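Everything on this sheet refers to the single structure shown next.
There are 2 protein chains.
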Amino acid sequence: MSSTHTHSKKSQSLTKNQRIVLDLLQNSGEPLKAYFILDSLKKEGLNSPLQVYRALDKLVELGKIHKIESINSFIICNNSNCASNTAFTICERCGKVKEIKNKYLTDGVSDLVKDNKLEITRYNLEFYVLCKSCKIN
Amino acid sequence: MSSTHTHSKKSQSLTKNQRIVLDLLQNSGEPLKAYFILDSLKKEGLNSPLQVYRALDKLVELGKIHKIESINSFIICNNSNCASNTAFTICERCGKVKEIKNKYLTDGVSDLVKDNKLEITRYNLEFYVLCKSCKIN
DNA sequence: CCTCTAAGTGTTATATTATTACATACGTGA
DNA sequence: TCACGTATGTAATAATATAACACTTAGAGG
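Line by line, the protein sequences are chains A and W. This note's numbering puts the first sequence at residues 6 to 142. This note's numbering puts the second sequence at residues 6 to 142.
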């Protein structure tokens with residue numbers, strides 16, 4: 006354990022603010038709003054919106070979370086860092102959001118994109134649905 | 006032509022506020038922000054944000070315009086009222102937005118959706134691209 | 001013609017979401 | 001040790017959107 010700093014670990018380590026925001030999103034699993042995150046993390050030392058937005062921006066950039074544009078919310082990425090390509094279903098009745106893991110859908114979109122000669126850097130797909138439990142009731 | 010009022014003609018006529026907002030979006034062709042619309046239409050008698058948002062909401066509902074969620078902007082629908090199914094490309098460099106008219110893409114998405122047993126009521130697809138002129142320069 | 005109703009209007013105030021600006025700290029590599 | 005990139009903390013403010021309430025209008029239908 007003598008020479009512990011062979012090369013920088015910085016790149017894979019998050020700062021404190023980034024960490025606590027990521028943890029909250031991870032534990033929640035649901036989309037959360039910036040100001041809700043702020044309120045939730047007051048006790049951890051977060052005091053201003055900017056601290057939250059900066060952490061969120063960084064986490065989005067790292068592909069660890071996604072922003073769901075139509076509801077101004079942020080959610081943990083459950084596709085092991087899909088690097089800003091997002092596809093979600095949002096229930097119109099109960100608001101529940103799910104990240105679409107279905108490879109066929111996302112691959113299909115990629116194919117469509119290729120076929121149509123679109124040079125995409127990233128995309129954001131939001132499908133409004135009626136979720137199973139809402140469909141039943 | 007004696008009984009001219011067989012059924013209401015109301016449905017196809019817009020109110021004054023809806024009309025002037027739609028006209029502005031039509032003439033512009035670009036995505037516009039709500040408060041820009043407000044400023045632009047002060048002289049036409051629009052005084053408050055709510056007047057703009059109400060008109061925008063109605064026009065979105067009618068499928069005459071779309072909201073582009075990731076830039077909080079509204080744009081005329083050039084697919085003859087696609088009823089809230091939207092697909093756009095947004096240039097990451099210059100910000101130019103285009104509604105995707107390509108039937109293959111939108112049909113393809115519909116197919117994917119069917120194949121994946123998603124019961125979609127509507128969708129919002131935002132593809133970030135590098136547009137032709139930006140690619141050259 | 002009269003009245004009921006749904007939809008729209010106008011206005012004030014306020015809520016929600018996000019950024020600017022600026023001074024400071026901290027770690028890494030030269 | 002210094003410079004640089006990145007993050008931090010804080011206050012102020014900008015940008016986006018909605019709530020609440022009183023009032024008007026247009027068309028349906030008697």
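Backbone N, C-alpha and C fix where the C-beta goes; we use that ideal spot for every residue, glycine too. As the structure is a prediction and not an experimental result, all values here were calculated from the model.
Sixteen is the threshold: since fewer than 16 other Cβ atoms of the shown chains lie within 10 Å of the Cβ of Tyr40(A), the residue is exposed.
One alpha carbon belongs to Ile73(A), the other to Glu124(A), and they sit about 22 angstroms apart. Judged by DSSP in its simplified three-state form, Ile105(W) adopts coil rather than helix or strand.
Taking all protein chains in view, the Cβ of Asn129(A) is crowded by 16 or more other Cβ atoms within 10 Å, so the residue is classified as buried. Residue pairing from DSSP leaves Leu117(A) without any beta-bridge partner. Listed along the chain, the chain A residues whose CB falls inside 9 angstroms of the CB of Ser75(W) are Lys72, Glu74, Ser75, Asn129.
Not a single C-beta of chain A is nearer than 8 angstroms to the C-beta of Glu66(W). Here the alpha carbons of Val134(W) and Glu97(W) stand approximately 6 angstroms from one another. Looking only at Val26(W), Leu37(W), Leu27(W), Arg24(W), the smallest Cα-Cα distance to Val102(W) is reached by Leu37(W). Pairing Pro54(W) with Leu61(W), the inter-Cα distance amounts to about 11 angstroms.
At least one C-beta of chain A is nearer than 8 angstroms to the C-beta of Phe132(W).
In this structure, Glu131(A) lies near Phe93(A), with their beta-carbon atoms less than 8 angstroms apart.
Asn129(W): member of the beta strand (DSSP E) spanning 125-134, first to last residue. The C-beta of Gly113(W) comes closer than 8 angstroms to at least one C-beta of chain A.
Within its own chain, the residues whose Cβ lies closer than 7 angstroms to the Cβ of Gln56(A), once the five positions on either side in sequence are excluded, are Asn22, listed in chain order.
Per DSSP, Cys139(W) lies in no beta strand (DSSP E) segment; the continuous alpha helix (DSSP H) that holds it begins and ends at 137-141. At a C-beta separation below 9 angstroms, Asn121(W) has these neighbours in chain A: Ile105, Asn107, Tyr109, Leu110, Gly113.
Between the alpha carbons of Ile81(A) and Val65(A) lies a gap of roughly 9 angstroms. Shortest Cα-Cα distance from Leu19(W) to any of Leu67(W), Gly50(W), Asn83(W) involves Leu67(W). The beta carbons of Glu104(W) and Asn77(W) sit no closer together than 8 angstroms. In the three-state DSSP reduction, Leu55(W) falls in the helix class (H, G or I).
Proximity of Leu19(A) to chain W, defined by a Cβ-Cβ separation below 8 angstroms, is not satisfied. Residue state for Leu37(W) is assigned as strand, using DSSP reduced to three classes. Interface residue (Cβ-Cβ distance to chain W less than 8 angstroms): Leu135(A) is classified as such.
Listed by position along chain A, the residues whose Cβ is nearer than 7 angstroms to that of Ile125(W) are Phe132, Tyr133, Val134. In the DSSP secondary-structure assignment, Ala92(W) is bridged to Leu130(W). Ser78(W) sits in a strand when the DSSP states are folded into three classes.
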